[in-house]
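Numbering (the numbering used here), first residue to last: 86 to 506.
For each residue, glycine too, the CB sits at the ideal point set by N, CA and C.
Computed from a predicted model, the values in this text were never measured in an experiment.
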Amino acid sequence: ESHHLHQFLLQRDFLLSTDSKLFTPLFSILRLVGLQRMGDFLIKHCVSPDYSYSSTIYKTNSSKGQKNENDQASDVLRREPLPLDKVAEQLESSPALLHWYLHLVFTRRPELYIKFPNNAVPPKTVTNLHRQHFRLYVDFAGALADSSAALSGTEQYNAEAKTTPLLTFLKAALPLGGLLPVDARRFLEIERTKVSGSDDEEDDDNVDKSSESSSPIFALELAYIIENYSEQTEKDALGILDLYLTGARSLMLSVLYAQRQRMYSSTLWDKLIRYCTSRTADGVLFGELLEAAAHSGADLARLVERIPPGMVVEGLRPRLVAAVADYRMKLEIYEAASAAGSEEEIALMREIAHRSRRGVRYFLGKNREKTYAELIQERNREVEGVIGEKIAEEIPTNLPTSLKVKSRQDRHRLAYSIPRR
């Protein structure tokens, strides 16, 4: 690093002129300094794939006074920058290291990977890496592939904010267009069928639909893709609800989706109520449904009416009282915020009206530069003054008595008209 030897890290045959991928410079520096220091070094000197090098070996040697006949102007001098695509190309021989490197760029240098402040369209090299990175996320998901395990231990009110690395990557990469939602959905469905097929190899096609919907593998990710990047039919809506309810096993996410989906909301609520009433007879699951509905702002009266006869819901009265109190508090907060907003609006309108009516005071400096119109006006005044002086000089002051105008003292108005001849 101190001797600016970054360019040699991208030459595969720098150490040995062999096709062995274990003796590349990046793998060698990994063995020397370790994973953490190498990651910091690569991220520090990482640049975009379309980085252009302006200096060459020939120019640099010429500036130093050294000139070699073997130097060519086309030999690019790679000093500090390490392009993203070149490093990824050298790490392709180890998928685990490639996944580690791309995840570092995704989390620590998002302006080079998912956020492009200077480009309207992301580079094609980066979008190709997105497709490759998606498959690596799926391959190295490990325990995080189980959505129910990822949500275990999470409070109900915080279930919507809970995410996985793959889900975070999908939210950032899918809008860029490199990774198509259709391909991602098909790939995740194939992975889910592989897991369900390994569990039930002897089952027929009758159990395929139920096993796919109840599988927790990538349930959150598949539900996100179907909900945001497909035309939701009633079948798709019920499928998303199954992914949340039986796949991720989160009642809160199921209730939130039923509230978001306006078109098939009644159908989804009916399925939720049937699921909670048919699972247990003691009403524990139905009580959790009431809590989730109260948190999401759903209609509790409809849920209370659907309680089956004979079912005892433990703590029903305290839950309803807490839900009503929570609703009243939210309503008071809304009314207070609305009143404050109205007062601020009135105050701003008064200020705008006052400013539009009041005068504006200008302080003209002594050495203020005059405008072009003012200069023309002053010039016209000077010209008029000179002309007036010349006219006054030409008119004689002592006029003869015969030229002076005399006023008639005996002038009278005629009382009769003179006939015209």
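In the structure shown, Leu-401 falls within a helical segment according to DSSP collapsed to helix, strand and coil. Comparing alpha-carbon positions, the option among Leu-401, Leu-167 and Leu-95 lying closest to Asp-125 turns out to be Leu-167. In this structure, Leu-95 places its C-beta atom within 8 Å of the C-beta atom of Gln-175. Contact between the segment 247-259 and the segment 346-361 is absent: fewer than three C-beta pairs spanning the two stretches fall below 8 Å.
A residue is called buried once 16 or more other Cβ atoms fall within 10 Å of its Cβ, and His-218 is buried on that count. Per DSSP, reduced to three states, the secondary structure at Ile-114 is helical. Here Glu-467 is exposed: its Cβ has fewer than 16 other Cβ atoms, across all protein chains shown, within 10 Å.
Our two residues, Ile-128 and Arg-194, have alpha carbons roughly 7 Å apart in a direct line. The beta-carbon distance between Arg-404 and Glu-376, rounded to whole angstroms, is 6 Å. This is short enough to meet the 8 Å contact definition. Distance from the CA of Leu-305 to the CA of Val-397, rounded to the nearest whole angstrom, comes to 32 Å.
Ala-234 is positioned such that its CB atom lies no closer than 8 Å to that of Thr-249. Between Thr-210 and Asp-170, the C-beta gap is smaller than 8 Å, which places the two residues in contact.
Contact between Ala-244 and Ser-335 holds: their C-beta atoms lie close to 5 Å from each other, under 8 Å. Relative to the Cα of Leu-229, the nearest Cα in the group Pro-301, Glu-429, Thr-192 and Leu-214 belongs to Pro-301.
In this chain, Tyr-198 is not harboured by any alpha helix (DSSP H), its DSSP state being neither H nor E.
The beta carbon of Ala-258 lies closer than 6 Å to those of His-215 and Leu-264 in the same chain, with the five residues before and after it left out. Per DSSP, the continuous alpha helix (DSSP H) segment holding Asp-321 begins and ends at 319-327. In the DSSP assignment, His-380 falls within the unbroken alpha helix (DSSP H) covering 369-381. At the C-beta level, Leu-341 and Cys-361 stay beyond 8 Å of one another. In this structure, the alpha-carbon of Gly-262 lies about 17 Å from that of Glu-312. Collapsing the DSSP output to three states places Pro-168 in a strand.
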